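I have placed the structure first, in the form of structure tokens, so that the comments after it can refer back to it.
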Amino acid sequence: MAQRYFLMAPATGDYFACAKAACAAGDCASIVVNEQITIEQVRGLQELGLAVLIADCEPRIVSRLKADGLHLTKAEHNLLDLRMSLPKDAMIGLDCGTSRHNAMEAAEQGADYVGFHQKAQTTGEPLVKWWNELAEIPAVPLDVVSPAEAIILAKHADFIRPSDEMWQSAEAATQIIMELNAKLK
Amino acid sequence: MKRLALILFLALAGPASAQMLGFDEALAQYQKGNFIAAKQIADDFASKNDPRAYLMLGTMAQKGLGVEVDLKQAQVWFQKGAEAGDVDNQFALAMLLLTGTGKKPLVLEGAPWLQKAAEAGNVKAQYNLGLYYAGIYGTQSDWDNAAKWFKAAADKDNPRGQYNLALLYLDGKGVPQDQIKAAELFSKAAVQGLPEAALEYGVQVYRGEGVQADPVTAVKWLLVAAQHGNPVAMNRIARVLALGVPGVEKDPIEAMKWNFLAKQAGRGDVELDSATERADPTLVAQAKQRAAEFKATPDPTAE
Numbered sequence: 000m001a002q003r004y005f006l007m008a009p010a011t012g013d014y015f016a017c018a019k020a021a022c023a024a025g026d027c028a029s030i031v032v033n034e035q036i037t038i039e040q041v042r043g044l045q046e047l048g049l050a051v052l053i054a055d056c057e058p059r060i061v062s063r064l065k066a067d068g069l070h071l072t073k074a075e076h077n078l079l080d081l082r083m084s085l086p087k088d089a090m091i092g093l094d095c096g097t098s099r100h101n102a103m104e105a106a107e108q109g110a111d112y113v114g115f116h117q118k119a120q121t122t123g124e125p126l127v128k129w130w131n132e133l134a135e136i137p138a139v140p141l142d143v144v145s146p147a148e149a150i151i152l153a154k155h156a157d158f159i160r161p162s163d164e165m166w167q168s169a170e171a172a173t174q175i176i177m178e179l180n181a182k183l184k
Numbered sequence: 000m001k002r003l004a005l006i007l008f009l010a011l012a013g014p015a016s017a018q019m020l021g022f023d024e025a026l027a028q029y030q031k032g033n034f035i036a037a038k039q040i041a042d043d044f045a046s047k048n049d050p051r052a053y054l055m056l057g058t059m060a061q062k063g064l065g066v067e068v069d070l071k072q073a074q075v076w077f078q079k080g081a082e083a084g085d086v087d088n089q090f091a092l093a094m095l096l097l098t099g100t101g102k103k104p105l106v107l108e109g110a111p112w113l114q115k116a117a118e119a120g121n122v123k124a125q126y127n128l129g130l131y132y133a134g135i136y137g138t139q140s141d142w143d144n145a146a147k148w149f150k151a152a153a154d155k156d157n158p159r160g161q162y163n164l165a166l167l168y169l170d171g172k173g174v175p176q177d178q179i180k181a182a183e184l185f186s187k188a189a190v191q192g193l194p195e196a197a198l199e200y201g202v203q204v205y206r207g208e209g210v211q212a213d214p215v216t217a218v219k220w221l222l223v224a225a226q227h228g229n230p231v232a233m234n235r236i237a238r239v240l241a242l243g244v245p246g247v248e249k250d251p252i253e254a255m256k257w258n259f260l261a262k263q264a265g266r267g268d269v270e271l272d273s274a275t276e277r278a279d280p281t282l283v284a285q286a287k288q289r290a291a292e293f294k295a296t297p298d299p300t301a302e
């Protein structure tokens with residue numbers, strides 16, 4: 000199973016060059032950005048082959064920005080209600096922290112993926128492992144991982160979030176993705 | 000013996016006189032909140048298969064008015080009325096099943112009743128059937144049918160039908176993408192006082208999407224939505240008043256007021272917060288005071 004990369008853009012700064020380098024170096028699936036992004040920037044990222052997910056915004060904003068989906072970090076919405084105001088075929092993902100309950104509920108409400116914070120979990124089997132045995136939609140471990148950690152997670156996860164150092168420069172992005180590629184081969 | 004007969008006669012006459020009161024009296028008692036009295040009359044009408052009585056008794060059981068909440072019993076009453084072909088009972092039964100009488104909603108059982116009531120022309124049923132087809136109850140979205148039923152409700156001037164149909168026009172779901180139609184529908188729903196529609200129409204007018212750009216009119220509609228307590232509208236109006244737009248003067252106190260209120264409602268704004276930190280403390284205090292005095296206008300379209 001080949002892992003794809005799940006990118007979380009930094010809150011500020013111009014990250015386009017880094018995203019571009021990362022996409023050239025490895026198989027990057029999507030990027031989570033905040034709602035300050037412009038419609039042109041969204042299009043630029045989409046042209047790199049990334050699905051652009053807007054973090055915690057009003058669903059209408061996803062539509063206005065012509066983005067691909069909504070990445071929520073709070074389990075306060077009924078995801079089914081959001082469908083009405085999102086573009087057709089928009090993705091919805093929920094960062095569930097370590098909450099199994101939130102993940103189950105999100106899946107029931109038609110989420111397209113759930114995110115877990117693996118490192119915040121202190122006991123028991125990895126949440127992504129538990130999840131994959133149980134559910135159809137993918138789980139994304141949202142912690143940043145080192146290449147060594149990525150090997151462990153790779154057994155259970157379809158996606159890997161590269162280290163935030165990748166946003167320092169295009170060269171750093173290339174290097175970090177290459178390192179992960181080599182370890183995950 | 001004669002005396003006993005008289006007492007018996009009076010006792011039997013009791014329910015009969017209640018019946019003579021007519022169902023309007025049950026409604027009057029219900030509206031006054033005299034649920035016990037309303038129930039006595041309604042029970043009598045229910046025994047004569049009157050669907051109005053089924054609806055009243057079902058609603059009382061559903062909401063716990065004068066009786067304990069008992070959703071199963073509510074279902075029994077609505078079902079009687081629904082099967083007798085009464086549209087209001089069909090709608091009530093559908094909504095009860097769709098939202099659930101037990102642990103799980105009975106979506107598949109509820110939908111056919113909603114369809115029946117919608118086809119019979121019940122506007123609320125038409126709007127809710129649109130939501131059902133949109134996938135709000137967890138079924139696969141069917142945007143063609145969603146658009147069809149929102150349109151049915153919108154044509155009868157139902158503001159939520161208009162609002163939801165407008166959303167479909169914006170995204171081209173079940174209808175061709177059309178910002179002009181969306182703007183028309185948002186404005187119709189906004190005029191009727193639906194806060195979400197006022198917000199969307201305000202944003203469209205601000206951006207000149209499907210309608211001539213006009214910041215002054217846009218601000219007017221954003222303000223309507225904000226007055227209703229819509230957090231996104233509060234945030235947008237705060238931004239507009241903080242920066243000023245052509246035709247609308249900057250108003251730092253009002254901007255801070257709306258930002259405080261938006262934040263309370265869960266819509267914080269880092270940039271506006273930092274502007275507040277830099278602002279003159281006496282102005283900040285005034286803004287806080289105004290925020291504390293703010294009372295949201297109720298949504299006139301709420302049911």
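Residue numbers (numbering that gives the first Met the number 0), protein chains in the order written: chain U, 0 to 184; chain Y, 0 to 302.
Quick reminder that beta carbons are idealized off the backbone N, C-alpha and C, glycines included.
All values reported here derive from a predicted model rather than from experimental measurement.
Please list, in chain order, the chain U residues whose beta carbon lies closer than 8 Å to that of residue i.
{"i": "Ala306(Y)", "result": "In this structure chain Y extends from 0 to 302, so residue 306(Y) is not present and cannot be described."}
Would you please verify whether the beta carbon of residue i is less than 9 Å from any beta carbon of chain Y?
{"i": "Pro9(U)", "result": "no"}
{"i": "Glu107(U)", "result": "yes"}
{"i": "Gly43(U)", "result": "no"}
Return no unless some Cβ of chain U is closer than 9 Å to the Cβ of residue i.
{"i": "Tyr136(Y)", "result": "yes"}
{"i": "Thr300(Y)", "result": "no"}
{"i": "Leu260(Y)", "result": "no"}
{"i": "Ala264(Y)", "result": "no"}
{"i": "Leu107(Y)", "result": "no"}
{"i": "Glu199(Y)", "result": "yes"}
{"i": "Val202(Y)", "result": "yes"}
{"i": "Leu271(Y)", "result": "no"}
{"i": "Leu56(Y)", "result": "no"}
{"i": "Leu242(Y)", "result": "no"}
{"i": "Leu184(Y)", "result": "no"}
{"i": "Leu130(Y)", "result": "yes"}
Residues of chain Y with CB under 8 Å from residue i, in chain order?
{"i": "Leu79(U)", "result": "Gly134, Ile135, Tyr136 and Gly137"}
To which residues of the same chain is residue i closer than 6 Å at the C-beta, ignoring the five residues directly before and after it?
{"i": "Lys180(Y)", "result": "Tyr168"}
{"i": "Gly246(Y)", "result": "Pro214 and Val215"}
{"i": "Asp177(Y)", "result": "Tyr168"}
{"i": "Ala52(Y)", "result": "Ala41, Phe44 and Ala45"}
Starting from the beta carbon of residue i, find every residue of chain B whose beta carbon is closer than 7 Å, and list them in chain order.
{"i": "Trp142(Y)", "result": "Looking for chain B here will not work: the only protein chains present are U and Y."}
Assign residue i to one of three DSSP states: helix, strand, or coil.
{"i": "Pro251(Y)", "result": "helix"}
{"i": "Gly114(U)", "result": "strand"}
{"i": "Val244(Y)", "result": "strand"}
{"i": "His100(U)", "result": "helix"}
{"i": "Met0(Y)", "result": "Summary for Met0(Y): the model assigns pLDDT 44, below 50, so the residue's position carries little reliability, and this model does not support an answer."}
{"i": "Leu5(Y)", "result": "Residue confidence is low: Leu5(Y) scores 43 on pLDDT, short of 50, so the model does not pin down where it sits. No coordinate-derived value is stated."}
{"i": "Ala181(Y)", "result": "helix"}
{"i": "Pro140(U)", "result": "strand"}
{"i": "Val174(Y)", "result": "coil"}
{"i": "Val68(Y)", "result": "coil"}
{"i": "Val221(U)", "result": "Because chain U is modelled from 0 through 184, residue 221(U) falls outside the range shown and cannot be assessed."}
{"i": "Leu79(U)", "result": "helix"}
Going along chain U, which residues have a C-beta under 7 Å from residue i?
{"i": "Asp170(Y)", "result": "Ser62, Pro86 and Lys87"}
{"i": "Val231(Y)", "result": "Glu57"}
{"i": "Asn163(Y)", "result": "Met83"}
Run through chain U and tell me which residues come within less than 9 Å of residue i, C-beta to C-beta.
{"i": "Gly166(Y)", "result": "Note that residue 166(Y) is Leu in the sequence shown here, rather than Gly. Arg59, Ser62, Met83 and Ser84, listed in chain order."}
Which residues does DSSP list as the beta-bridge partners of residue i?
{"i": "Asp141(Y)", "result": "Looking at the DSSP assignment, Asp141(Y) forms no beta bridge with any residue, so it has no partner."}
{"i": "Tyr4(U)", "result": "Cys27(U) and Ile159(U)"}
{"i": "Leu69(U)", "result": "Ile53(U) and Ile91(U)"}
{"i": "Val202(Y)", "result": "Beta-bridge pairing links Val202(Y) to no other residue."}
{"i": "Val190(Y)", "result": "Answer by DSSP bridge pairing: none, since Val190(Y) is not bridged."}
With a CB to CB cut of under 7 Å and the five nearest residues on each side skipped, what residues in its chain are close to residue i?
{"i": "Arg266(Y)", "result": "Pro230, Val231, Met233 and Asn234"}
{"i": "Asp250(Y)", "result": "Leu240"}
For residue i, I'd like the list of residues in its chain whose CB is within less than 8 Å of its CB, leaving aside the five on either flank, ordered along the chain.
{"i": "Ala110(U)", "result": "Leu78, Ile91, Gly92, Leu93 and Ile136"}
{"i": "Pro158(Y)", "result": "Lys187, Ala188, Gln191, Gly192, Leu193, Ala196 and Thr300"}
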